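**Student:** From first to last, the protein sequence lines are chains A and B. Residue numbering for the first sequence follows full-length UniProt numbering, beginning at 1 and increasing consecutively. Residue numbering for the second sequence follows full-length UniProt numbering, beginning at 1 and increasing consecutively.
Number of protein chains: 2
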Amino acid sequence: MSVAFCCTHFLLAQSPDVLKIRQYRQANEHTILSEFVSFLKLPNIVGDSVGIHKNATFIMEAMKKRGIANVQLLVPASNKTVPAVYGEVITPGATQTIIFYAHYDGQPVNAAQWAKGLSPFEPQLLSNSLEQNGTIIDFPTADKVFDPQWRIYGRSASDDKAGVMAILNAYDAIVKSGMKLTVNIKFFFEGEEEKGSDFLHEILQQYKNLLQSDLWLICDGPVHQSGKKQVVFGVRGDAHVEVTVYGSKRPLHSGHYGNWAPNPAMMLVELLASMKDENGRVTIKDFYADVIPLSEMEKKALEAVPPVDEQMKNELGFRKREMKDHDLAQAIGLPSLNINGMNSANVGKNASNVIPTTATVVLDLRLVAGNDWKKQQQRVVEHIKSQGYYVTTAEPTDEERSKYDKIAKITLSNGYNAQKTSMDLPIAKQVIAAVQSTTTESVVLLPTAGGSLPLFLFEQYLKAKTISVPIANHDNNQHAENENIRLLNFWNGIETMAALMMMK
Amino acid sequence: MSVAFCCTHFLLAQSPDVLKIRQYRQANEHTILSEFVSFLKLPNIVGDSVGIHKNATFIMEAMKKRGIANVQLLVPASNKTVPAVYGEVITPGATQTIIFYAHYDGQPVNAAQWAKGLSPFEPQLLSNSLEQNGTIIDFPTADKVFDPQWRIYGRSASDDKAGVMAILNAYDAIVKSGMKLTVNIKFFFEGEEEKGSDFLHEILQQYKNLLQSDLWLICDGPVHQSGKKQVVFGVRGDAHVEVTVYGSKRPLHSGHYGNWAPNPAMMLVELLASMKDENGRVTIKDFYADVIPLSEMEKKALEAVPPVDEQMKNELGFRKREMKDHDLAQAIGLPSLNINGMNSANVGKNASNVIPTTATVVLDLRLVAGNDWKKQQQRVVEHIKSQGYYVTTAEPTDEERSKYDKIAKITLSNGYNAQKTSMDLPIAKQVIAAVQSTTTESVVLLPTAGGSLPLFLFEQYLKAKTISVPIANHDNNQHAENENIRLLNFWNGIETMAALMMMK
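And the structure:
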């Protein structure tokens with residue numbers, strides 16, 4: 001075989017090693033899930049230093065119990081509340097070092113939004129997903145087995161405590177099954193991913209020597225929507241632009257002044273409509289100009305991605321995708337412009353007969369390899385200017401109001417660039433082969449994920465490569481209420497992580 | 001002189017009658033304002049039946065004290081909490097009957113939004129408007145005079161307790177100055193105008209015989225922005241259309257699905273942008289088709305309206321009006337389409353990286369003579385259909401979602417048509433002449449106001465004519481926090497109402 005993405009052309013099989021890992025897991029399901037549930041019971045809201053420290057302590061204990069060496073907190077000098085948890089296992093004779101990354105902090109929660117009987121930090125077992133009429137069931141007694149379709153509901157069940165636990169149990173399974181690592185492994189569990197990893201760069205700099213490796217293996221996010229395992233070689237970058245346009249200084253009666261005074265909501269509507277054509281393509285000048293074309297290998301990988309458009313459209317309840325000529329895998333390979341939110345005065349019961357004074361939109365720019373986030377923001381600014389707007393960064397003064405027909409206040413927040421690792425690298429091929437060895441289905445290879453992570457930091461501070469191997473079910477409600485992990489995904493995740501620790 | 005709107009061509013003078021009214025007022029300012037302030041202290045929030053009844057009782061007492069006959073509550077059979085207050089004065093030999101209309105209910109209040117030291121129902125005297133750095137001052141002792149630039153701040157100070165008090169004091173001034181009415185007068189003070197006059201039609205039907213007249217004289221709203229008195233012959237009708245468009249059933253991560261999943265905010269933006277051209281004209285088919293052209297007299301009146309565009313643009317802080325070819329007086333003579341409010345997901349600190357599930361807009365349609373409100377709403381619906389939307393009145397079902405590319409839920413709320421009285425009628429000329437007799441400035445004659453009142457009810461149920469003669473300052477903050485009346489406007493209002501009671 002040449003490279004793994006053509007693996008649909010021959011018989012796929014699971015390796016004997018993987019079957020041993022599975023046997024170990026099957027024999028230890030109750031213990032594994034008991035520890036996982038205890039972990040999920042610890043509130044881990046990002047930014048809550050007390051909760052974060054309890055979680056870090058829990059992980060350190062779990063690591064020490066497994067005989068992992070050099071367990072410690074990596075603490076950024078300027079913020080001691082967001083430690084990463086580190087540990088390592090040196091393998092005699094190994095020439096490669098892989099750092100397994102997951103994060104243990106979770107998104108903020110609104111318990112009131114969770115379904116009846118569920119609560120973010122009181123994990124529950126369900127017979128299926130809520131959408132498929134799953135109901136709460138008791139955890140089975142030690143003599144009973146777990147149905148792999150069951151799910152555990154709780155904050156971070158999938159994002160990303162499942163990652164932490166899959167990695168630790170994979171190591172356990174290898175050791176306890178009498179198998180051997182093929183590489184040195186290091187563990188790095190981050191504690192502030194959900195806030196944007198503001199201090200990650202400090203940790204990488206401070207612990208530069210400790211964190212040398214051949215690859216960071218990122219275990220975060222969901223498998224492919226088709227249910228197949230996937231290896232993801234990049235992430236999109238991200239940047240935001242908030243725009244507010246202005247009408248009258250005070251709300252005007254829409255009868256007395258309607259269609260005489262400028263309506264900022266209508267102004268914003270016209271401005272935003274000018275940013276896309278009828279096929280969903282962004283019309284801002286040079287928006288797609290810097291995109292580095294896909295390599296031949298990436299193109300072939302994309303062609304092999306199982307089509308999920310119809311499945312996802314049915315699941316999500318719409319019929320027409322935004323970009324006429326691009327399916328999901330193609331669309332996320334392009335820079336994007338999305339409205340995250342838009343507001344002007346009120347709708348619903350608070351609506352009143354006014355001409356609003358302002359209208360605001362938050363635009364989300366996703367970036368791919370080749371894009372520079374500041375340049376991309378600037379293109380949006382230039383486009384707004386080209387539509388006749390005077391652009392400012394503050395509330396317009398009376399003088400500005402008297403001088404310009406159209407005024408936009410633009411707030412450019414911090415962003416970061418995309419990151420991509422070449423599929424052609426020898427270590428990339430090792431990763432693909434390892435994941436493929438765990439499944440009889442072809443592994444999906446994605447040049448980039450649609451989402452964003454600050455993976456550029458690893459390159460910038462450590463010159464390190466990154467590849468993501470996610471494990472959660474795609475319908476895991478990540479970041480929202482009713483977050484969950486399907487047990488089968490967790491079990492498969494353990495096998496995947498173990499195969500990576502024994503990569504050939 | 002032929003008709004009054006050409007009165008700029010000759011010397012304007014105030015009539016001797018008006019000067020007598022003024023003398024009376026000057027001699028009684030303290031008494032008049034003391035009663036007005038007591039009235040303003042009574043909370044009158046529309047829908048609060050207890051407050052409304054206290055106000056009605058206060059007015060009845062004030063009428064009886066003045067010797068007005070047949071004072072009574074007119075109570076709609078199906079809602080006893082919203083009585084109108086009625087009274088009458090029959091003038092021997094008079095052949096005409098004028099009903100003076102004002103309303104005593106007020107808009108809801110949010111005391112926290114009022115400026116420091118001000119409170120909706122604790123009226124205060126200020127040395128000027130807040131915008132012109134007015135400060136709170138004590139009411140002067142009985143030996144001191146009131147500066148006419150002073151203002152009283154409180155809910156309904158201008159809208160519309162000033163109307164009630166100007167009418168009652170005008171009658172008082174005539175009687176106490178030994179002058180005579182020339183017409184029979186009836187008083188009609190409504191108690192639910194700010195909620196849309198839902199039961200007014202019942203009152204008009206039940207008390208049909210009592211409410212016969214040659215004219216309803218509506219004393220509500222502000223004088224012209226130029227500061228000149230105005231007579232207004234019509235109001236625009238009003239109707240609303242709320243539109244919600246749909247994307248995915250659940251919020252999607254704007255990274256994972258950005259620019260693949262449809263973004264309802266962007267869909268709404270494109271839909272709304274299709275409704276207007278670059279000159280602010282509505283592009284919905286036949287939107288302006290039914291407008292009855294202005295009569296020659298109305299055209300001349302419009303030409304004579306003092307230009308206020310520059311003044312108002314400065315005051316309101318913008319430079320470019322919405323419709324390129326229409327000044328304020330012209331713009332409000334057309335049917336309008338305004339965005340009252342627009343929302344999709346969140347902006348500001350609650351913004352998140354989502355593709356919203358829905359986007360909603362509330363459209364306000366103002367209507368002029370010739371428009372039918374249901375037909376106008378239907379034109380908006382047809383336009384939305386013409387943009388490829390499937391239109392429904394409920395949340396879309398899964399079946400509908402799978403069947404249609406674009407789905408809009410449309411809610412059509414109740415509206416009403418415009419109302420206009422001809423400027424050519426003899427009684428219209430009498431009104432114009434009466435108002436003109438009170439001022440050395442030319443009176444502004446407006447074919448229609450921009451705002452809406454359900455004046456069609458008077459025609460529908462009583463076959464009655466209506467003409468509006470407003471008295472408040474245009475910067476009175478009607479409906480909002482810091483509502484106020486400038487004393488000069490109140491004094492002038494008394495003179496105007498008196499002149500109308502003595503119209504020739």
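Think of the CB as a built atom: it goes at the ideal place given N, C-alpha and C, for glycine as much as any other residue. Keep in mind it's a predicted model, so treat the numbers as computed, not measured.
#1: What residues match up with GLU190 (chain B) in a beta bridge as DSSP calls it?
#2: By Cβ distance below 8 Å, which residues in the same chain neighbour ALA351 (chain B) in space, the five residues on each side in sequence not counted?
#3: Can you name, in chain order, every residue of its own chain whose Cβ lies under 6 Å from the Cβ of LYS299 (chain B), other than the five neighbours on each side?
#4: Using a Cβ cut-off of 8 Å, pull out every chain B residue sitting near LYS320 (chain A), in sequence order please.
#5: Closer than 7 Å by beta-carbon distance: list the chain A residues that pair up with ILE59 (chain B), in chain order.
#6: Shorter than 8 Å from the beta carbon of ASP286 (chain B) to some beta carbon of chain A?
#7: By how many angstroms is the C-alpha of VAL145 (chain A) removed from the C-alpha of ARG319 (chain A)?
#8: Using a C-beta to C-beta distance shorter than 8 Å, which residues of chain A count as neighbours of THR466 (chain B)?
#9: Take ILE174 (chain A) and list the residues in its own chain whose beta-carbon comes closer than 8 Å to its own, dropping the five residues that flank it on each side.
#10: Quick one: residues in its chain with C-beta nearer than 6 Å to the C-beta of SER197 (chain B), no 5 flanking neighbours on either side, listed in chain order?
#11: If we call anything under 8 Å between Cβ atoms a contact, is ARG401 (chain A) one with ILE410 (chain A)?
#12: Got a sec? Which residues, its chain only, sit under 6 Å from GLY490 (chain A) by beta carbon, not counting five neighbours each side?
#13: I want to know whether the stretch 460–471 of chain B touches the stretch 410–422 of chain B - three or more CB-CB distances under 8 Å.
#14: Are the Cβ atoms of LEU334 (chain B) and VAL291 (chain B) separated by less than 8 Å?
#15: Report the neighbours of SER352 (chain A) on chain B: residues whose CB is nearer than 7 Å to its CB, in chain order.
#16: Going by other Cβ atoms of all chains shown within 10 Å of its Cβ, with 16 needed for buried, is residue 552 (chain A) buried or exposed?
#17: Determine the direct distance from the alpha carbon of GLN205 (chain B) to that of ASN70 (chain B), and round the result to whole angstroms.
#18: Who are the Cβ neighbours of GLU395 (chain B) in its own chain at under 7 Å, not counting the five residues just before and after it?
#19: Of all the CB atoms in chain A, is at least one closer than 8 Å to the CB of THR360 (chain B)?
#20: If you count every other CB in all the chains shown that lies within 10 Å of the CB of TYR288 (chain A), and 16 or more means buried, which is it?
#21: Using only CA atoms, which one of B:GLN124, B:GLU399, B:GLY87, B:LYS285 lies nearest to VAL65 (chain B)?
#22: Got a sec? Which residues, its chain only, sit under 7 Å from LEU488 (chain A) by beta carbon, not counting five neighbours each side?
#23: Rounded to a whole number of angstroms, what is the C-alpha to C-alpha distance between GLN107 (chain A) and LEU210 (chain A)?
#24: Quick check on TYR461 (chain A): does DSSP put it in helix, strand or coil?
#25: Is VAL391 (chain B) helix, strand or coil by DSSP?
#26: Taking the beta carbon of ASP172 (chain A) as the centre, do at least 16 other beta carbons fall within 10 Å, making it buried, or is it exposed?
#27: Of all Cβ atoms in chain B, is any one closer than 8 Å to the Cβ of ARG366 (chain A)?
#28: Just tell me which of A:THR357, A:LEU12, A:PHE188, A:GLY67 has its CA closest to the CA of LEU74 (chain A).
#29: Of all Cβ atoms in chain A, is any one closer than 8 Å to the Cβ of HIS103 (chain B)?
#30: What does ASP398 (chain B) reach in chain A if we use C-beta pairs closer than 8 Å?
#31: What residue does the beta strand (DSSP E) around ILE89 (chain B) start on, and which one ends it?
#32: Output the residue ranges of the beta strand (DSSP E) runs that lie fully inside the stretch 205–250 of chain A and measure 3 residues or longer, sorted by chain position.
#33: List, in chain order, every chain B residue whose beta-carbon is nearer than 8 Å to that of ILE485 (chain A).
#34: At what residues does the alpha helix (DSSP H) containing GLY493 (chain A) begin and finish?
#35: Quick one: using the 10 Å Cβ neighbour count with 16 as the cut-off for buried, is GLY493 (chain A) buried or exposed?
**Tutor:** The relevant details are as follows:
#1: B:HIS103
#2: ALA345
#3: none
#4: Residues of chain B passing the Cβ test: PRO262, ASP405, LYS406.
#5: None at all; the shortest Cβ gap to chain A is about 26 Å.
#6: So no, ASP286 (chain B) is outside the interface.
#7: 40 Å
#8: Within 8 Å Cβ-Cβ: nothing; THR466 (chain B) doesn't reach chain A, min ~16 Å.
#9: ILE21, LYS180, LEU181, ALA498, MET501, MET502, listed in sequence order.
#10: PRO454
#11: The Cβ atoms of ARG401 (chain A) and ILE410 (chain A) lie no closer than 8 Å to each other.
#12: The displayed chain sequence assigns Phe, not Gly, to residue 490 (chain A). Here the set comprises ALA162.
#13: yes
#14: yes
#15: ASN340
#16: Any property of residue 552 (chain A) remains undetermined from this structure, which presents chain A solely from 1 to 504.
#17: 19 Å
#18: LYS409
#19: Interface flag for THR360 (chain B) against chain A is set, since a Cβ pair is found closer than 8 Å.
#20: exposed
#21: Sequence check: residue 65 (chain B) is Lys here, not Val. When each option's Cα is compared against that of LYS65 (chain B), the closest is B:GLY87.
#22: PRO148, GLN149
#23: 28 Å
#24: TYR461 (chain A) falls in the helix class under three-state DSSP.
#25: strand
#26: buried
#27: With 8 Å as the cut-off, ARG366 (chain A) counts as an interface residue toward chain B.
#28: A:PHE188
#29: no
#30: GLY317
#31: According to the sequence provided, residue 89 (chain B) is Val. The question's Ile does not apply to it. Per DSSP, VAL89 (chain B) belongs to the beta strand (DSSP E) from 84–89.
#32: 215–218, 230–232, 237–246
#33: Result: empty, since nearest Cβ-Cβ is about 17 Å, beyond 8 Å.
#34: Residues 487–501.
#35: buried
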